[in-house]
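For reference, the structure discussed in these notes is given below.
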Amino acid sequence: MAKEYKLSAERLKELEEELTYLKTVKDKEVTEQIKVARGYGDLSENSEYDEAKNEQAKLYGRIAEVEEILANAVLINADEAGSDYIGLGCTFTVKDLEFDEESTFELVGSQEANPMKGRVSDDAPFGRALVGAKVGDIVKVEAPDGVIQYEVINISR
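In this text, residue positions in the sequence shown follow this note's numbering: the first is 81, and each later residue adds one.
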């Protein structure tokens, strides 16, 4: 069974646009680079040709990766879930009970995670521990330094 990729509608659109760009504009650019590099002579000692072929391999790898994600995408619809528990697409605030600090996060699929922007994956230990938690719940998260306890302060969609 293929891995499911949980995506918001925005991220799905971004990936579709990226795939179109890669298959049209970028592919033509790389093909032209290869064509120009072939004109430099002996291919066995032609670093420009080698670089262009490497670029083509990376391009085709990324195209395959995006196609895989899109083929197995599951759209996150935050409107369907209630706002009384933490689930995909919701924004939540937690309080670190040890340091008495509050932080706000959005729970997203792994393809959209960006902890520096407060977007936490449901596959990450922190996100996985908080899925299903309600306001007032104390959640224990396993971390490399030990167990960290958070209190869920707020949940919104």
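Idealized CB from N, CA, C, for every residue including glycine.
All values reported here derive from a predicted model rather than from experimental measurement.
Near residue i, what residues of its chain come up, given a Cβ to Cβ distance below 6 Å and the 5 sequence neighbours on each side ignored?
| i | result |
| --- | --- |
| Gln113 | Ala132 |
| Lys175 | Glu182, Glu231, Ile233 |
| Leu210 | Ile166, Val219 |
| Ile156 | Lys86, Ser88, Leu168, Gly169 |
Kindly indicate which residue of the options has the alpha-carbon position closest to the one of residue i.
| i | options | result |
| --- | --- | --- |
| Tyr230 | Gly216, Arg237, Asn126, Asn194 | Gly216 |
| Phe179 | Glu125, Gly207, Ile228, Asn126 | Ile228 |
| Ala153 | Pro224, Leu92, Ala223 | Leu92 |
| Gln136 | Val221, Glu109, Asp122 | Glu109 |
| Asp164 | Glu90, Ser236, Lys83, Leu87 | Ser236 |
| Ser88 | Lys103, Gly119, Lys214, Gln191 | Gln191 |
| Tyr129 | Lys138, Lys115, Gly141, Leu139 | Lys115 |
| Phe172 | Gly198, Gly141, Gly226 | Gly198 |
| Glu90 | Arg208, Gly212, Leu150 | Leu150 |
| Lys138 | Lys106, Ala223, Ala193 | Lys106 |
| Tyr140 | Ser124, Thr111, Pro195, Leu177 | Thr111 |
Quick one: grab the DSSP three-state call for residue i.
| i | result |
| --- | --- |
| Asn134 | helix |
| Arg91 | helix |
| Glu128 | helix |
| Ala82 | coil |
| Ile149 | helix |
| Ile166 | coil |
Check the DSSP bridge columns for residue i and list the partner residues they point to.
| i | result |
| --- | --- |
| Thr111 | Looking at the DSSP assignment, Thr111 forms no beta bridge with any residue, so it has no partner. |
| Leu155 | Leu87 |
| Arg199 | Glu186, Asn194 |
| Tyr230 | Asp176, Val219 |
| Glu181 | Asp176 |
Indicate whether at least one CB of chain D lies closer than 8 Å to the CB of residue i.
| i | result |
| --- | --- |
| Leu210 | In the structure shown, chain D cannot be found, because there is only a single protein chain. |
Suppose the cutoff is 7 Å on Cβ atoms and the five residues either side in sequence are ignored; what does the same chain contact list for residue i look like?
| i | result |
| --- | --- |
| Phe206 | Val200, Val221 |
| Asn126 | Ala117, Tyr120 |
| Lys103 | Ile143 |
| Asp203 | Ser190 |
Given residue i, which residues of its chain have a CB within under 8 Å of its CB, disregarding the five upstream and five downstream residues?
| i | result |
| --- | --- |
| Asn134 | none |
| Lys83 | Asn152 |
Sufficient close CB pairs (3 or more, under 8 Å) joining the segment 89 to 106 to the segment 141 to 159 = Taking 8 Å as the limit for Cβ pairs, the verdict is that the segment 141 to 159 does touch the segment 89 to 106.
Within the chosen definition, does the segment 184 to 194 reach the segment 163 to 172 through at least 3 CB pairs nearer than 8 Å?
-> With the cut-off at 8 Å, the segment 184 to 194 and the segment 163 to 172 touch.
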